[in-house]
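Heads up, the sequence shown is in this note's numbering, so the first residue is 268 and it goes up one at a time.
Glycine included, C-beta positions come from ideal geometry on N, C-alpha and C.
Here's the structure we're looking at; comments come further down.
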Amino acid sequence: MTALETRQLRLGYGDTIIIPALNLTLPRGQITVLIGSNGCGKSTLLRAMARLLRPLGGAVLLDGAPLAGRSTKSIARDLAILPQTPSAPEGLTVLQLVRQGRFPHQNWLRQWSAEDEQIVRDALEATSLTAFADHPVDALSGGQRQRAWIAMTLAQGTGTLLLDEPTTYLDLTHQIEVLDILFELNEREGRTIVMVLHDLNLACRYAHHLVALKDGQLYAVGTPEQVVTEQMVQDVYGLQSRIVPDPITGTPMCIPYGKSRS
């Protein structure tokens with residue numbers, strides 16, 4: 268079954284076309300990672316999938332139905348997005364931030380409930396932030412802050428999560444920490460996760476499904492073993508490399524090298 272699908276999707280900004288016509292199907296209940304060089308259209312595609320960017324043509328479908336025409340609140344009950352550099356108002360606590368994830372489920376007939384409170388507490392526990400609930404978000408470390416935003420998306424209770432470079436600006440320890448949380452969430456709850464990552468080796472470790480983009484078009488789609496080859500790295504990134512098995516996971520591991528080391 269599919270979670271997200273694009274049909275002849277055309278995206279751009281002003282007169283600049285980023286993605287001319289993209290047909291793509293993403294599997295439900297798996298982790299999909301979008302890879303490719305800077306400017307290839309990864310983040311633009313993710314924004315369109317979240318309906319943060321209006322297509323110039325074509326359509327994005329969620330569970331077989333077009334996103335166009337649906338209300339923002341309706342979409343937010345099915346799909347959550349964590350942008351690349353989210354920001355919170357000064358002084359906002361972790362608990363207050365995570366509670367915002369429940370807002371799409373509120374209306375004049377359904378006010379805040381004990382169920383909402385429990386979902387928020389569960390999200391804090393899942394991200395190991397219970398002890399930081401009353402701390403201001405802007406006082407947290409980079410890794411803790413990213414976990415707080417992930418907790419908010421968990422509290423939103425959607426079946427699909429979109430994350431734009433969730434490990435940006437994090438050191439290696441916090442990168443692994445964040446990706447482990449997402450991996451466990453997928454395994455435990457079967458949520459569909461789509462994210463942009465720059466690190467090929469981390470993408471191979473955590474993804475079930477890879478989408479390689481080049482100049483706004485699909486270069487390759489499939490498992491890490493199918494997509495990450497020396498030829499792909501050369502064509503997409505312009506780098507020579509060796510692809511060897513990761514000694515921990517057995518997934519492809521890319522070892523790039525420059526001309527001076529060839």
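Test item: CB-CB of residue i and residue j under 8 Å
i, j, result
"residue 349", "residue 342", "no"
"residue 369", "residue 383", "yes"
"residue 317", "residue 429", "yes"
"residue 473", "residue 300", "yes"
"residue 523", "residue 506", "yes"
"residue 346", "residue 425", "yes"
"residue 327", "residue 273", "yes"
"residue 521", "residue 491", "no"
"residue 431", "residue 351", "yes"
"residue 497", "residue 510", "yes"
"residue 330", "residue 406", "no"
"residue 464", "residue 434", "yes"
"residue 281", "residue 483", "no"
"residue 481", "residue 303", "yes"
Chain-order list of residues whose beta-carbon lies under 6 Å from that of residue i (same chain, five-residue window excluded)
i, result
"residue 494", "477, 479, 487"
"residue 311", "278, 285"
"residue 355", "364, 404"
"residue 475", "297, 298"
"residue 366", "387"
"residue 467", "521"
Alpha helix (DSSP H) segment containing residue i, residue limits
i, result
"residue 482", "From DSSP, residue 482 is part of no alpha helix (DSSP H); its letter is neither H nor E."
"residue 471", "467 to 473"
"residue 391", "381 to 393"
"residue 343", "339 to 343"
Coarse secondary structure for residue i, derived from DSSP in three states
i, result
"residue 327", "strand"
"residue 457", "coil"
"residue 406", "helix"
"residue 508", "strand"
"residue 314", "helix"
"residue 368", "helix"
"residue 278", "strand"
"residue 333", "strand"
"residue 581", "For residue 581 there is no data in the structure shown, the boundaries of the chain being 268 and 529."
"residue 355", "coil"
"residue 487", "strand"
"residue 396", "coil"
"residue 417", "helix"
"residue 378", "coil"
"residue 360", "strand"
"residue 495", "coil"
Cut-off 8 Å between Cβ atoms - residues of its own chain near residue i, not counting five sequence neighbours on either side
i, result
"residue 324", "275, 276, 277, 288"
"residue 394", "414, 415, 417, 418, 421, 448"
"residue 360", "400, 401, 402, 403, 404"
"residue 458", "296, 425, 426, 427, 428, 452"
"residue 320", "278, 311, 314"
Cβ-heavy atom distance, residue i to the ligand NAD, below 7 Å
i, result
"residue 287", "What this structure holds is no ligand at all, so the ligand NAD is not there to describe."
Residue range of the beta strand (DSSP E) that includes residue i
i, result
"residue 431", "427 to 431"
"residue 287", "283 to 294"
"residue 519", "519 to 524"
"residue 464", "Where residue 464 is concerned, there is no enclosing beta strand (DSSP E), given that its DSSP letter is neither H nor E."
"residue 298", "298 to 302"
"residue 348", "346 to 349"
Cβ-based neighbour list, residue i, same chain, cut-off 7 Å, excluding 5 preceding and 5 following
i, result
"residue 529", "Because the pLDDT at residue 529 is just 49, under 50, the model does not fix this residue reliably, and the point stays unresolved."
"residue 371", "340, 343, 344, 423"
"residue 322", "276, 277, 278, 315"
Could you tell me whether the segment 439 to 451 touches the segment 396 to 415, where touching means 3 or more Cβ pairs closer than 8 Å? The segment 439 to 451 is in contact with the segment 396 to 415.
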